Amino acid sequence: MTSNNDTLFARAQLTTPGGVNSPVRAFRSVGGTPRFITRAEGPYFWDADDRRYIDYIGSWGPAIVGHAHPTVIKAVQDAAARGLSFGAPTQGEIEIAEEICKLVPSIEQVRLVSSGTEATMSALRLARGATGRDKIVKFEGCYHGHADSLLVKAGSGLLTFGNPTSAGVPEDFVKHTLVLDYNNAQQLEDAFKDMGDQIACVIVEPVAGNMNLVRATPEFLQTMRRLCTQYGTVLIFDEVMCGFRVALGGAQALYDIKPDITALGKVIGGGLPVAAFGGRADLMSHMAPLGSVYQAGTLSGNPVAVAAGMSTLKLIQEPGFYTRLGTQTGKLVNGLSAAAKEAGVTFSGDAIGGMFGLYFAAAVPDSYATVMASNKELFNKFFHGMLDAGVYLAPSAFEAGFVSAQHDDAVIEATIAAARGAFAQLV
Ligand SMILES: *Cc1c(COP(=O)(O)O)cnc(C)c1O
1 MTSNNDTLFA RAQLTTPGGV NSPVRAFRSV GGTPRFITRA EGPYFWDADD
51 RRYIDYIGSW GPAIVGHAHP TVIKAVQDAA ARGLSFGAPT QGEIEIAEEI
101 CKLVPSIEQV RLVSSGTEAT MSALRLARGA TGRDKIVKFE GCYHGHADSL
151 LVKAGSGLLT FGNPTSAGVP EDFVKHTLVL DYNNAQQLED AFKDMGDQIA
201 CVIVEPVAGN MNLVRATPEF LQTMRRLCTQ YGTVLIFDEV MCGFRVALGG
251 AQALYDIKPD ITALGKVIGG GLPVAAFGGR ADLMSHMAPL GSVYQAGTLS
301 GNPVAVAAGM STLKLIQEPG FYTRLGTQTG KLVNGLSAAA KEAGVTFSGD
351 AIGGMFGLYF AAAVPDSYAT VMASNKELFN KFFHGMLDAG VYLAPSAFEA
401 GFVSAQHDDA VIEATIAAAR GAFAQLV
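In the UniProt record's numbering, the protein residues as written are 1 to 427.
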């Protein structure tokens, strides 16, 4: 019998490049047919064949309170009934801005946008506008959306400027982007010694979630903070993924380091398109209409999206929310590690708050190079074993996983039971 997923995928490819609206959804890395999702509730979603999966991507982070949470749905329905978009300011935008500034104290002022890409792109322009410098520093393996200056990988030599990772990105843009190794504090020191007074900003995922999960060492982030302060460089934490995921105040609360600018997204929209960038008020005052750095958006601060975001931000502040989320994520990773050990599979795992990493490697990786050295073939087999057993992991060995507040003990135990079977197939 043909699966409805196969039928839909064939049809999608006629009118949409690769059949998807974001490349990772196409399952290219793991092979097979992507599942077309019809509905979701709590920790689960269902595909076009009405098969249920325990979901560990949660829309790549936003579904932190679980899918279709009644409070969030009600807020969205109420907002929608009052009208979808006005192109004029609303009180809801003030409220969510106040909430963000309260939860992330380094953010004194914030501007709402509609995607993480817009947030980092605008943060970069702000840093360049405020410093009058062009050069930026990013780190190999960190993803910051698909703006031209950020689709860059390391050049051939140490401290050489980068190469585009996409066709259509002019060399002239990426020649300003220096790509360094994640968690290499010495290399960062060397780069600043060389050209610190020309660097507009350093942008980093303080907990990296786009090369699987890789945590920064405190020393790496502290060195970054010190150098940025010393050279008048803007420190941008891209917390689009880790913000409100690793802790209520984001990775900056966990590491106790204040960036100058923070980019947010994913969780702050609760499943609808809200992202933001914000930070020191003196920097934010460079933004139009106050200052000369231009940025705008027809749907920025959209009232329906803001309602979803605001109700999600309220729910995650309930007492014990992060303790419970962290406990469940920890149980998952420990259970999977034990199951792998039983089966004799080389495996390690890491978890921070509601984010986790699974690695077919003997030790938890600390850099792009060590992540890349993990066994991708084993992951792909494991992925399909889990999918067949009704567990949906990120369809790539190089993506993080996400647990929601609705992943209770029974859900975690069912996942570990499925993993015992999937690991057994690997040996
Ligand atoms: C997802 C992500 C982005 C891009 O956000 P979009 O909403 O997909 O444009 C940027 N930075 C990080 C760290 C992300 O995880």
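Every residue, glycine too, gets a C-beta built ideally from N, C-alpha and C.
Since the structure is predicted, the reported quantities are computational estimates derived from the model, not experimental observations.
| Check | Outcome |
| --- | --- |
| Beta-carbon proximity check, L235 vs I261, cutoff 9 angstroms | yes |
| Bounding residues of the alpha helix (DSSP H) (the contiguous stretch that carries I100) | 91 to 103 |
| Extent of the continuous beta strand (DSSP E) run through Q109 | 109 to 113 |
| Span of the beta strand (DSSP E), counted from its first residue to its last, around V169 | Here V169 belongs to no beta strand (DSSP E), and DSSP marks it neither H nor E. |
| Per-residue burial, S285 [other beta carbons within 10 Å of its own, 16 or more giving buried] | exposed |
| Straight-line Cα distance separating V345 from N375 | 11 angstroms |
| Contact test: T33 Cβ vs ligand 1 heavy atom, cutoff 8 angstroms | no |
| Opening and closing residue of the alpha helix (DSSP H) in which F382 lies | 376 to 388 |
| Bridge-paired residues (DSSP) for F321 | BP columns for F321 are empty, so no partner. |
| Extent of the continuous beta strand (DSSP E) run through Y359 | 355 to 359 |
| The stretch 108 to 119 / the stretch 324 to 335 touching (three or more Cβ pairs under 8 angstroms) | no |
| CA-to-CA distance, A422 to F382, given in whole angstroms | 6 angstroms |
| Reduced DSSP secondary structure (H/G/I, E/B, other) of S311 | helix |
| Residues near E219 by beta carbon distance below 8 angstroms, same chain, minus five either side | A185 |
| Reduced DSSP category for Y392 - H, G, I as helix; E, B as strand; rest coil | strand |
| A200 in three-state terms, based on DSSP | strand |
| Complete alpha helix (DSSP H) runs within the stretch 272 to 300 (minimum length 4 residues, chain order) | 281 to 284 |
| For E99 and R245, the rounded distance between their alpha carbons | 16 angstroms |
| Residue from R225, T131, D238 with nearest C-alpha to A275 | D238 |
| Distance cut 5 angstroms, beta-carbon to ligand 1 heavy atom: residue list by chain order | S115, G116, T117, H144, G145, E205, D238, V240, M241, G265 |
| Pairwise C-alpha distance: I412 and G390 | 12 angstroms |
| S22 classed as buried or exposed, judged by whether at least 16 other C-beta atoms fall within 10 angstroms | exposed |
| Pairwise C-alpha distance: G270 and residue 458 | Residue 458 lies beyond the stretch modelled for the chain, which goes from 1 to 427, so this question has no answer here. |
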